[in-house]
């Protein structure tokens, strides 16, 4: 019996699907909204498809509502790291890059690889994710308003400053709500205690880890976590003599990756393991940015070790 596969290429506003059934492919585009989800179900019903294995990439949040909808309607759902899809694309020598081609590629990947099924994130983790996103939005608004202060009339500046003061109060309120939310749940509170023991890790970074890497200890290795975040090195090479600069893969969620930049900078000064590590890289002639990115990876290794082993940070172990 052939599997019926639904490959989904999703973005903020829309998603494209490729229905793979008996080696035949049908494609369609829908709005990334409740109306679009219902439209997808009606479309599948019109094709007399009741059971399907749907597969999509983890896109930093755009996929969550659709994945939940499909799960609630008894579909099998897989949400996979974009790095796996990219690797599969390279193995298939795929050269076409369109939404329509991407959803077909995802369908082919799902059929060939049979990825693990997705389970919904616990409600209290989802709420924490929303609070962390809210805090990021407020900080972004504050940054934008602060940039508007320069070179404006004093009365205009006063009005802008009053809005900044209002945003600051909102930031303080959300930070307290995040702290209280973490304290309410044993799993979050226990992990918070472990993460707080790592020099260079503050409350904001801890909240990000708890929200978006809640199952970090379920990864098989720290390298998998690094790849999930998109900090794994990607070396460019052509033949035997032409070598390009090694860069990070940048697969995964860019906002999640960005969240480890400042903690790595702080860790360069205050985390003895990363400080020693960075000094060795510096002595080897590595550039400042290479050292920072390597420190971000090292920090993820430490976070993984602390949570996986359920032990406080120990400079002699980590």
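Residue numbers (the numbering used here): 22 to 339.
No residue lacks a Cβ here, since even glycine has one placed at the ideal position from N, Cα and C.
Fair warning: this is a prediction, and the values are worked out from it, not measured in the lab.
- Residues 76, 99, 101, 105, 130 of the same chain have their beta carbon placed closer than 8 angstroms to that of residue 136, with the five preceding and five following residues left out of the count.
- The alpha-carbon separation between residue 307 and residue 32 amounts to approximately 37 angstroms.
- Between residue 90 and residue 58 a beta carbon distance of about 5 angstroms is seen, short of the 8 angstroms cut, so the two are scored as contacting.
- Contact between residue 320 and residue 288 holds, with the beta-carbon distance rounding to 6 angstroms and staying under 8 angstroms.
- Taking every protein chain shown into account, the CB of residue 325 has 16 or more other CB atoms within 10 angstroms, so this residue is buried.
- Only exposed fits residue 180, as fewer than 16 other CB atoms lie within 10 angstroms of its CB.
- Under the three-state reduction of DSSP output, residue 42 falls in the strand class.
- For the pair residue 49 and residue 30, the CB atoms are not nearer than the 9 angstroms cut-off.
- Inter-residue distance for residue 151 and residue 199 is about 10 angstroms (C-alpha atoms, whole angstroms).
- Sorting 128, 193, 79 by C-alpha distance to the C-alpha of residue 153 places 193 at the top.
- Taking the Cα positions, residue 62 is about 30 angstroms away from residue 113.
- Rounded to the nearest whole angstrom, the C-alpha separation of residue 78 and residue 110 is 13 angstroms.
- Membership of residue 274 in any beta strand (DSSP E) is not indicated, and neither H nor E is assigned to it by DSSP.
- As summarised for the segment 69-128, the continuous beta strand (DSSP E) elements at least 3 residues long and confined to that stretch are 74-78, 97-101, given in chain order.
- By the Cβ rule, the segment 154-167 counts as touching the segment 183-197, because three or more pairs are nearer than 8 angstroms.
- Using a C-beta cut-off of 8 angstroms, the segment 295-313 makes no contact with the segment 235-252, since fewer than three inter-stretch Cβ pairs fall below that distance.
- Of the other Cβ atoms in all chains shown, fewer than 16 fall within 10 Å of the Cβ of residue 211; this residue is therefore exposed.
- Assigned with DSSP and collapsed to three states, residue 50 falls in strand.
- Here residue 156 carries a helix assignment [DSSP, helix/strand/coil].
- For a cut-off of 8 angstroms, the C-beta gap from residue 132 to residue 26 is around 5 angstroms, short enough to register as a contact.
- Residue 127 and residue 28 do touch by the CB rule: their CB atoms are close to 4 angstroms apart, below 8 angstroms.
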